[in-house]
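Protein chains in written order, with the numbering used here: chain Z, 1 to 112; chain X, 1001 to 1115.
Idealized CB from N, CA, C, for every residue including glycine.
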Amino acid sequence: GESVGLHLPTLSVQEGDNSIINCAYSNSASDYFIWYKQESGKGPQFIIDIRSNMDKRQGQRVTVLLNKTVKHLSLQIAATQPGDSAVYFCAAYNNAGNMLTFGGGTRLMVKP
Amino acid sequence: DVKVTQSSRYLVKRTGEKVFLECVQDMDHENMFWYRQDPGLGLRLIYFSYDVKMKEKGDIPEGYSVSREKKERFSLILESASTNQTSMYLCASSLARADSNQPQHFGDGTRLSIL
């Protein structure tokens, strides 16, 4: 089955710097990937997604990169702000349909 | 915006009780899901449903059941609560499209404590 793993449990960055959160997945047939942000006391919030026919997608201050060759994706946050402090999860859909597999989460801490 | 509402933010129950967790979504989504979230274990799928009166087991269905009598509502039932079911429970929903997967949208969770 699918397994999804984040590379670092905690990431500390200075306010204003760029953040990069990495994620690896195991199933080469996975075709849809999502990044979620979870703030304390709240449920996961959709940030951005990418399908396997793309290798890059940009949103507001966020960019997701997908490298299918090494089965790796990353979330880049530009000009990190205190409000970006949260746990970030990557998730991958298996090729059979609606089952999402989640990574363990990286806690992003933003230093003022 | 999608709104997924879980009826309780915090719940305390006793061992052996039958517990109901309710979830409602307002976007006419076909798919609904129940997860539990535990430190170090991430999100694990308990049950999901593709349609009214339809249910499928996820990765950890033991000790749980579900009910989907209406499209917008998906209930999780702990038949006889045990202390190892103390956890954060998250409900999610997504649109069903035949040609592509769609993102799941989550509620804010119910933190359940079983004493």
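query                                                                                                                                                                               : result
Can you list, in chain order, the residues of its chain with a C-beta nearer than 6 Å to that of LYS56 of chain Z? Leave out the 5 residues immediately preceding and following it. : LEU65
Would you kindly report the start and end of the unbroken beta strand (DSSP E) that includes TYR1047 of chain X?                                                                    : 1042-1049
Roughly how many whole angstroms lie between the Cα atoms of LYS999 of chain X and CYS1023 of chain X?                                                                              : Residue 999 of chain X lies beyond the range of chain X shown here (1001 to 1115); nothing can be said about it.
Per DSSP, which one or two residues make a beta bridge with MET1088 of chain X?                                                                                                     : X:GLN1037, X:ARG1111
Identify every residue that forms a DSSP beta bridge with GLU1079 of chain X.                                                                                                       : According to DSSP, GLU1079 of chain X bridges with nothing at all.
Nearest to ALA1098 of chain X by CA position, among X:GLU1030, X:ARG1044, X:LEU1115, X:LEU1112, is which residue?                                                                   : X:GLU1030
Compute the Euclidean distance between the alpha carbons of ALA91 of chain Z and SER52 of chain Z, then round it to the nearest angstrom.                                           : 13 Å
To which residues of the same chain is SER1067 of chain X closer than 6 Å at the C-beta, ignoring the five residues directly before and after it?                                   : SER1075
Could you pull the start and end residues of the beta strand (DSSP E) that ARG107 of chain Z belongs to?                                                                            : 106-111
What three-state label does DSSP hand ASP114 of chain Z in the structure shown?                                                                                                     : Given a span of 1 to 112 for chain Z in the structure shown, any question on residue 114 of chain Z remains unanswerable.
Would you please state the rounded distance, in angstroms, between the beta carbons of ALA79 of chain Z and ARG61 of chain Z? I believe it to be under 8 Å.                         : 6 Å
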